[in-house]
Amino acid sequence: MKTLQTSPKKDGYRMPGEFEAHKGVYLLWPERPDNWREGAKPAQATFAKVAAAISEFETVTVGVSDRQYTNARHMLADNVTVVEMSNDDSWIRDCGPTFVVNDKGDIRGVDWTFNAWGGLVDGLYFPWDKDDRVAQKVCELEHRDRYRLDDFILEGGSIHVDGEGTLIVTEECLLSDGRNTQLSKGQIESILKEYLNVEKIIWLKKGIYLDETNGHVDNIANFVKPGQIALAWTDDQSDPQYAISKENYDILTHETDAKGRHLQVEKLYLPKPILITAKESEGVDAVDGTLPRLEGDRLAASYVNYYTANGGIIFPLFDDPMDEKAKATLQELYPDRKIVGVPAREILLGGGNIHCITQQIPAGR
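So, in structure tokens, the structure goes:
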């Protein structure tokens, strides 16, 4: 597999929207006890449920460390492929490759530098060198050439595209102190346009309140299809989230996409605030260099953190009255897809959700 010295834009490749057809999806198996409670057992059971739900719609491959291989193979459904892949934690959306395609159906990977959401400034764990190799390993398994950016830090959860030239990101994340401070906003835009082959970038201000990834866009807004965006929303004006969502709503409703269309913004209502319990906090090992999980901390729960599969939507359930409303909204937005909810509190406790633990491979030749 070659490491290419050109760029997707120069070579005629673009990042497809997640709603376009997939060949399959990758996950990474959770195990680190300083992030996942009770030795990651509850999280593993949840990851297995997510993998099983997605496997109804497309091929699922799970990367697992050697010491967890037998356990994962036992816990995962028979139709899920398990491969050995060392890693630092299980957020393949962020450390895995971003795939790009051309008009002939050829696929290549973009391998960004990964530094655990902020490196030594405000990263969530150290070290992260195994995670930074995950993208290359997935490209190897898929027999795909890759573009490697050694001097540009980006996570897959911080970008969403419509597949037709439009990208949405948040300033909170992409302009954060722990990522690409040597670059101006304009320089960051130029790199994104070159490696995702987009013409227009819409900058939202912030992501979900207290999102430890510095406000990844995939937790607050997502392209349902070109011209239509689902936005995390609350009507509670006393909640700090309200001002964030309202500001993003105003930006999106006054913007046009790369094709000149006005954006249709659909509100996907949030669950009520979810806090870490004493029992959940006590189940996580305390380790220097890892963000602690403290009782009473508010978690960045959002239904927008769903995965768009071939013919299905896999979305998080929070045991909240809004679960049903979210399902109904998603069914309206995706009338041709089956809407499947998976109880996802255990993923949320680790700092993300269903979209964060998945990375799709587009359908190509």
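Take the sequence shown: its letter number 111 is residue 124 in the numbering used here, and every next letter is one higher. We put the CB at the ideal spot given by N, CA and C, even for glycine.
So the candidates are D231, E212, I214 and N210; which of them puts its Cα closest to the Cα of G220? D231
Entirely within the segment 259 to 317 and at least 4 residues each: give me those alpha helix (DSSP H) ranges in chain order. 291 to 295
Whole-angstrom C-beta distance between G354 and F328, which should lie under 8 Å: 6 Å
Counting along the chain, where does the alpha helix (DSSP H) carrying V147 start and finish? V147 to L154
Enclosing alpha helix (DSSP H) for V63 [first to last residue]: K54 to S68
Where does N323 sit, in a helix, a strand or coil, going by DSSP? coil
Please report the residue range of the beta strand (DSSP E) in which N235 lies. A234 to K238
Contact set for N100: own chain, Cβ-Cβ below 7 Å, skip 5 residues either direction: L41, G76, S78, K143, D144 and V147
How is the alpha helix (DSSP H) around L361 delimited, first residue to last? R358 to L362
Straight-line Cα distance separating S315 from E349: Note that residue 349 is Asp in the sequence shown, not Glu. D349 and S315: Cα-Cα distance of roughly 23 Å.
Segment contact flag, the segment 123 to 133 with the segment 185 to 194, C-beta cutoff 8 Å, min 3 pairs: yes
Roughly how many whole angstroms lie between the Cα atoms of D263 and E51? 42 Å
Endpoints, alpha helix (DSSP H) assigned at Q200: K198 to L209
Measuring CB to CB, does E33 end up less than 8 Å from G176? yes
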